[in-house]
Amino acid sequence: MHNSAEPRFSANERKLSQQYLRELGSSIAIYLAILIPSLMYGPGMADGALKTAVLTAPVLGFFLMIWAIARQVQRMDEYQQRLTLESLSLSAAITAAITFTYGFLENAGYPRLSMFVVWGIMGSAWAITGLLRCWASKR
Amino acid sequence: MNNSIRELRAERGWSQAHLADQLAVSRQTVNAIETGRYDPSLPLAFAIARLFGLAIEDIFSI
């Protein structure tokens with residue numbers, strides 16, 4: 057059990073967290089800097105390759121986010137990597153179960169949902185998995 | 345697997361965070377090992393043994 061008198065994070069952890077926040081924050085800022093003009097000018101453009109390029113340009117910022125996340129996973133220690141793998145596996149399985157089930161419901165006439173919903177479901181499943189793990193480790 | 349890391353750490357007056365820094369792992373990892381929720385890999389077990397100046401079998405037992 058964690059002694060409340062002790063610091064919650066080691067100095068090394070704090071340094072790594074700050075590095076991750078810097079890298080992820082910068083990539084999100086770049087993503088937003090590309091996304092805003094893309095949304096402002098993309099929809100009004102004439103159909104064609106240029107419009108597609110403008111509307112999909114924000115994905116460049118997303119690649120930077122993926123790079124920042126990959127670096128953070130590499131920096132994690134073996135226990136943290138295992139926890140992350142377990143949580144992600146469970147949340148991916150939950151997301152697959154929900155999206156497949158809803159896909160069948162769509163065939164039965166339920167309204168079609170945007171693909172944006174998928175990440176919301178996976179993020180929620182990931183958060184719930186993390187909270188359950190936290191609760192179980194304190195029992 | 346049982347281990348005596350908590351006792352060894354207490355003898356030296358180290359906090360979990362200090363031990364975590366010495367081993368380049370998170371405090372959460374040290375806590376999980378001490379409470380038996382996680383068995384470290386062989387390289388980490390060697391690092392722990394080296395840090396305390398003991399053999400692995402002096403720290404870990406089944």
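Sequences listed follow chains A and B, in order.
No gaps in the numbering here: position 95 of the first sequence is 151 in this note's numbering, and each next residue is one more.
No gaps in the numbering here: position 1 of the second sequence is 345 in this note's numbering, and each next residue is one more.
For each residue, glycine too, the CB sits at the ideal point set by N, CA and C.
Alanine 124/A versus phenylalanine 404/B: straight-line alpha-carbon distance, rounded: Position 68 of the first sequence, counting from 1, holds the residue named residue 124/A. Position 60 of the second sequence, counting from 1, holds the residue named residue 404/B. Spanning the two alpha carbons is a distance of roughly 36 angstroms.
Bridge partner(s) assigned by DSSP for serine 359/B: The residue given as residue 359/B occupies position 15 in the second sequence. Bridge partners of serine 359/B: none, in fact.
Span separating the alpha-carbon of glutamine 74/A from that of glutamine 130/A: Here residue 74/A refers to the residue found at position 18 of the first sequence. Here residue 130/A refers to the residue found at position 74 of the first sequence. Taking the straight line from one Cα to the other gives about 15 angstroms.
Where alanine 67/A meets chain C, residues with beta-carbon distance less than 8 angstroms: This model lacks chain C altogether, as its protein chains are A and B.
Short CB-CB distance (under 8 angstroms) between leucine 388/B and chain A: Here residue 388/B is taken as the residue at index 44 of the second sequence, counted from 1. Judged by the 8 angstroms Cβ criterion, leucine 388/B is in contact with chain A.
Residue burial classification, aspartate 133/A (beta-carbon count within 10 angstroms, cutoff 16): Start at 1 with the first residue of the first sequence, and residue 133/A comes out as number 77. So aspartate 133/A ends up on the buried side.
Threonine 140/A and valine 174/A closer than 8 angstroms at C-beta: The sequence position of residue 140/A within the first sequence is 84, counting from 1. The sequence position of residue 174/A within the first sequence is 118, counting from 1. At least 8 angstroms separates the beta-carbon of threonine 140/A from that of valine 174/A.
Beta-bridge pairing of phenylalanine 390/B - partner residues as DSSP gives them: For the purposes of this step, residue 390/B is taken as residue 46 along the second sequence, with counting starting at 1. Under DSSP, no beta-bridge partner is assigned to phenylalanine 390/B.
CB contact below 8 angstroms: serine 193/A versus chain B: Within the first sequence, numbered from 1, the residue matching residue 193/A stands at position 137. At least one chain B Cβ lies under 8 angstroms of serine 193/A.
Collapsed DSSP secondary structure at serine 147/A in the structure displayed: Looking up residue 147/A in the first sequence gives position 91. Looking at serine 147/A - three-state DSSP - the assignment turns out to be helix.
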